[in-house]
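Novice:
Numbering (our numbering), first residue to last: 1 to 71.
#1: Smallest Cα separation from residue 41: which of 48, 53, 32 and 31?
#2: Identify every residue that forms a DSSP beta bridge with residue 43.
#3: Could you check if residue 50 is buried or exposed, using at least 16 other CB atoms within 10 Å of its CB as the buried criterion?
#4: Should residue 44 be listed as close to the ligand ZN, given that the test is whether its C-beta is under 8 Å from any heavy atom?
#5: What's the C-alpha gap between residue 11 and residue 37?
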């Protein structure tokens with residue numbers, strides 16, 4: 001049986017504009033604070049109910065306030 005895995009952000013769409021992406025992992029290029037949030041990975045092999053796990057992506061970055069103060 002072929003199992004499928006799908007990633008989707010619970011708060012928004014992916015930076016590429018897609019609602020979800022299939023695969024074992026998710027890759028985000030040029031991450032900024034807008035990609036922070038909860039992402040869900042759902043696995044389904046067609047037997048029983050799909051299972052999922054939610055993961056939180058925290059993005060550490062300088063604040064806009066820091067940029068204003070240093071100029």
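Beta carbons: idealized from backbone N, C-alpha and C, even for Gly.
Specialist: According to the structure shown:
#1: Among 48, 53, 32 and 31, the Cα nearest to that of residue 41 is on 53.
#2: Partner(s): 5 and 51.
#3: Exposed is the call here.
#4: Only the bare structure without any ligand can be found here, which leaves the ligand ZN out of the picture.
#5: The straight-line gap from Cα to Cα measures roughly 7 Å.
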